[in-house]
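So the sequence shown is numbered by this note's numbering: it starts at 44 and just counts up by one.
Have a look at the structure below, then the notes.
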Amino acid sequence: MPELTIKSSEPHSIFNLHLVLFFFACLGFLCQCAAPRQRSAPVQPVPFAERPRNIILMIGDGMALSQISAGIYWKGVGKSAFEQFPVVGFHKSHAYDNKVTDSAAGATAFACGHKTYNGAIGMLPSDVPCQTVLEELCRDGFAAGMVVTCSATHATPAAFIAHQKIRAFSENIALDYLQTPLDCFIGGGQGYFTDRPDKLNLQDSLKNRGYVVKSGTSFRSLPLDGAAPFMLFTAPKEPPTAIAGRRYLAPATETACQFLKKRNQNGFFLLVEGSQIDWALHANDRNWLKAEMLDFEAAVQKALDFAAADGETLVLVTGDHECGGLALHAGPRATDIQPAFASKMHTAALTPVLAFGPQAALFSGMYDNTEVYLKMRLALKK
């Protein structure tokens, strides 16, 4: 019996030894794999606060899951900013009375927490103005800013500061900018403030209210110490495309974050829009889309870097709707993708919501687009 016991245990001992060695070999391999991923993630030198003091809401107009997927693949070397978000949810983008939303109704849902009809800017279905999160936070003593690659009067930025039944009322929307003390704006649309049918010069009105108003894409002459509000108009109407050389979105996002932090110690709300992603999708233009997605991704990275260093900033990235019915097919090489379009219009596809920072967990799951507003207010608890 002793001999039988020894002979039967010897294979077990060898097996256990091999198992232990295999375990440590696997552990070492996994550690080696994990190291590059940690180096490519945003640095977090300070722990997150319990609740955010600042919110950066970044909207890729027309951007849903396929567009984000394409952006990740197009990034190439290194980890895309989109991959660095620990929390992902999905919102249902439909309008009040239409399964397919437009940008006006979609942005109003984010801004006010209410569904509305397509074309409405900051209005309820009953044609009553709704208070936006930007207006509410300004009232509560926060700073607020916008950085966009469209005109100031375009649907998405307009929905956060204006109240009009029809999104095409650009001159009226520009007038609404005088009603809310926005701290900074970087984007196009200067002509809607100066070259108007009613002959009003809203740029002079802004200056009379203490604004520094400049044209171009240089930040050098702006009051970046936070001493005064500013409007930097990057174009008379719509800015050029990213494929034509427009490159201000990422540095403007970084500049606005730093400015707003200096401007008000209570906190800030910043809206950033990659506006022309939608335009490229309407045109079914793959090269234009790639340029816009990479431009927006660079801006997202700037916001993440700020939030990681700040510890009190919640960054949200989403789209107002999907556009183009984008599909990603195999490209001519195994490492390529080939975008294809099923439509030149918006679609009803679910849209991701990416969240990073204090209270990011609120944004997981699946919900209506109106919940983005409600979750922002809940995160701030204000």
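From the three backbone atoms N, C-alpha and C, an ideal C-beta is built for every residue, glycine too.
For clarity, every value in this text was computed on a predicted model and none was experimentally measured.
Item checked: Selection from Cys173, Gly230 and Glu355 that minimises the alpha carbon distance to Asn97 -> Working through the sequence shown from its first residue, we reach residue 97 at position 54. For Asn97, the closest C-alpha among the options Cys173, Gly230 and Glu355 is that of Glu355.
Next item on the list: Report whether the distance from the Cβ of Gly132 to the nearest heavy atom of the ligand MG is below 7 Å.
Entry: Here there are no bound small molecules, and the ligand MG is not part of this structure.
Notebook entry, point to check: Of the choices Arg182, Ile111, Glu335 and Cys155, whose alpha-carbon is the least far from that of Cys173?
Noted result: Position 130 of the sequence shown, counted from the first residue, corresponds to residue 173. Comparing Cα-Cα distances from Cys173 to each of Arg182, Ile111, Glu335 and Cys155, the minimum goes to Cys155.
Item checked: Backbone secondary structure at Gln344 - three-state DSSP -> Within the sequence shown, the letter at position 301 stands for residue 344. Here Gln344 sits in helix by DSSP.
Item checked: Cβ neighbour criterion (16 or more within 10 Å) applied to Met388 -> Taking the first residue of the sequence shown as position 1, residue 388 is located at position 345. The residue is exposed, with fewer than 16 neighbouring Cβ atoms inside 10 Å.
Check: On the three-pair Cβ rule with 8 Å, is the segment 283-295 touching the segment 329-347?
Finding: Using a Cβ-Cβ distance cut-off of 8 Å, the segment 283-295 and the segment 329-347 are in contact, since at least three pairs of beta carbons, one from each stretch, lie closer than that value.
Margin query: With a threshold of 6 Å on Cβ separation, who are the neighbours of Asp238 within its own chain once the five nearest residues in sequence on each side are excluded?
Written below: Translated into the one-based positions of the sequence shown, residue 238 becomes position 195. No residues qualify anywhere along the chain.
Next item on the list: Just mark Ser318 as buried or exposed, buried being the case when its beta carbon has 16 or more other beta carbons within 10 Å.
Entry: Sequence index remark: in the sequence shown, residue 318 carries index 275 (1-based). A residue is called buried once 16 or more other Cβ atoms fall within 10 Å of its Cβ, and Ser318 is buried on that count.
Notebook entry, point to check: Would the beta-carbon of Ser194 fall within 8 Å of that of Tyr254?
Noted result: On the sequence shown, position 151 is the one that residue 194 refers to. On the sequence shown, position 211 is the one that residue 254 refers to. With contacts defined by Cβ atoms closer than 8 Å, Ser194 and Tyr254 do not form a contacting pair.
Margin query: Can you check which of these residues, Thr260, Leu357 and Leu249, is closest to Cys300 by C-alpha distance?
Written below: Counting from 1 along the sequence shown, the entry for residue 300 is found at position 257. Selection Thr260, Leu357 and Leu249 evaluated against Cys300 yields Leu357 as nearest (Cα-Cα).
Check: Taking Cβ to Cβ, would you say Leu177 is nearer than 8 Å to Ile229?
Finding: On the sequence shown, residue 177 is found 134 positions in, with the first residue counted as 1. On the sequence shown, residue 229 is found 186 positions in, with the first residue counted as 1. Their beta carbons are not under 8 Å apart, which means Leu177 does not touch Ile229 by this criterion.
Notebook entry, point to check: Does the beta-carbon distance from Gln110 to Met336 come in below 8 Å?
Noted result: On the sequence shown, residue 110 is found 67 positions in, with the first residue counted as 1. On the sequence shown, residue 336 is found 293 positions in, with the first residue counted as 1. Yes, they are a contact pair.
Notebook entry, point to check: Where are the alpha helix (DSSP H) runs, 4 residues long or more, that stay fully inside the segment 104-133, in chain order?
Noted result: Listed in chain order, they are 108-118.
Check: What's the gap between the Cα of Phe91 and the Cα of Gln402?
Finding: Along the sequence shown, read from residue 1 onward, the residue named residue 91 stands at position 48. Along the sequence shown, read from residue 1 onward, the residue named residue 402 stands at position 359. The alpha-carbon atoms of Phe91 and Gln402 are separated by roughly 9 Å.
Next item on the list: Tell me whether Glu355 sits in a helix, a strand or coil according to DSSP, three-state version.
Entry: Counting from one through the sequence shown, the residue named residue 355 turns up at place 312. In the displayed model, Glu355 falls within coil according to three-state DSSP, outside both helix and strand.
Next item on the list: Would you kindly check if the distance between the Cβ of Glu316 and the Cβ of Thr199 is under 8 Å?
Entry: Residue mapping note: residue 199 aligns to position 156 of the sequence shown, counting from 1. Residue mapping note: residue 316 aligns to position 273 of the sequence shown, counting from 1. Against a cut-off of 8 Å, the Cβ pair of Glu316 and Thr199 comes out as a contact.
Margin query: Can you find the residues in the same chain that come closer than 7 Å, C-beta to C-beta, to Ala404, ignoring five residues on each side of it along the sequence?
Written below: Taking the first residue of the sequence shown as position 1, residue 404 is located at position 361. Within its own chain, the residues whose Cβ lies closer than 7 Å to the Cβ of Ala404, once the five positions on either side in sequence are excluded, are Val130, listed in chain order.
Check: Ser169 to Leu332, Cα distance in whole Å?
Finding: Taking the first residue of the sequence shown as 1, we reach residue 169 at position 126. Taking the first residue of the sequence shown as 1, we reach residue 332 at position 289. Taking the straight line from one Cα to the other gives about 36 Å.
Notebook entry, point to check: Between the C-alpha atoms of Phe128 and Leu393, what's the straight-line distance to the nearest angstrom?
Noted result: Residue mapping note: residue 128 aligns to position 85 of the sequence shown, counting from 1. Residue mapping note: residue 393 aligns to position 350 of the sequence shown, counting from 1. Across the structure, Phe128 and Leu393 are spaced so that their CA atoms are roughly 18 Å apart.
Margin query: List, from N- to C-terminal side, the alpha helix (DSSP H) runs of 4 residues or more that fit wholly inside the segment 150-197.
Written below: The segment 150-197 contains, as complete alpha helix (DSSP H) runs of 4+ residues, the segments 176-182 (chain order).
Notebook entry, point to check: If you follow the beta strand (DSSP E) that Met419 is part of, which residue opens it and which one closes it?
Noted result: On the sequence shown, position 376 is the one that residue 419 refers to. Bounds of any beta strand (DSSP E) do not take in Met419; it lies within the alpha helix (DSSP H) bounded by Thr413 to Leu423.
Margin query: Can you tell me whether Lys142 is buried or exposed? The criterion is at least 16 other CB atoms within 10 Å of its CB, across all chains shown.
Written below: Numbered from 1 along the sequence shown, position 99 holds the residue referred to as residue 142. Label assigned to Lys142: exposed.
Next item on the list: Per DSSP, which residues does Val396 bridge with? Please list them.
Entry: Walking along the sequence shown from the start, residue 396 turns up at place 353. Beta-bridge pairing links Val396 to Gly132 and Thr361.
Check: So, are the CB atoms of Phe302 and Gly259 less than 8 Å apart?
Finding: Translated into positions along the sequence shown, residue 302 becomes position 259. Translated into positions along the sequence shown, residue 259 becomes position 216. Cβ atoms of Phe302 and Gly259: not closer than 8 Å.
Item checked: Inter-residue CB distance, Ala163 and Lys208 (contact presumed, cutoff 8 Å) -> The count along the sequence shown starts at 1 and reaches residue 163 at position 120. The count along the sequence shown starts at 1 and reaches residue 208 at position 165. That belief holds up - the Cβ atoms of Ala163 and Lys208 are roughly 6 Å apart, short of 8 Å.
Note to self: I need the boundaries of the beta strand (DSSP E) containing Ala373, first residue and last residue.
What the structure shows: As a working mapping, residue 373 is identified with position 330 in the sequence shown. First-last of the beta strand (DSSP E) with Ala373: Ala370 to Ala373.
Checklist line | Rounded straight-line distance, which links the Cα of Pro382 to that of Ser146 | finding: For the purposes of this step, residue 146 is taken as the residue at position 103 of the sequence shown. For the purposes of this step, residue 382 is taken as the residue at position 339 of the sequence shown. Here the C-alpha atom of Ser146 lies approximately 23 Å from the C-alpha atom of Pro382.
Check: What are the boundary residues of the beta strand (DSSP E) that includes Leu303?
Finding: If you number the sequence shown from 1, residue 303 lands on position 260. Leu303 -> not in any beta strand (DSSP E); alpha helix (DSSP H) instead, spanning Leu292 to Arg306.
Check: What is the DSSP secondary structure of Asn244, reduced to helix, strand or coil?
Finding: For the purposes of this step, residue 244 is taken as the residue at position 201 of the sequence shown. Coil at Asn244, not helix or strand.
Notebook entry, point to check: What did DSSP end up calling His325 once you bin it into helix, strand or coil?
Noted result: Indexing the sequence shown from 1 puts residue 325 at position 282. In the three-state scheme derived from DSSP, where H, G and I count as helix and E and B as strand, His325 is classed as helix.
Margin query: If I measure Cβ to Cβ from Leu371 and keep anything under 8 Å in the same chain, skipping five residues before and after, which residues do I get?
Written below: For the purposes of this step, residue 371 is taken as residue 328 along the sequence shown, with counting starting at 1. The beta carbon of Leu371 sits closer than 8 Å to the beta carbons of Ser109, Ser112, Ala113, Tyr116, Ile380, Gln381, Pro382 and Ala383 from its chain, once the five residues preceding and following it are set aside; these are given in chain order.
Next item on the list: Check Leu249 in the structure and name its three-state DSSP category.
Entry: As a working mapping, residue 249 is identified with position 206 in the sequence shown. The three-state secondary structure of Leu249, taken from DSSP, is helix.
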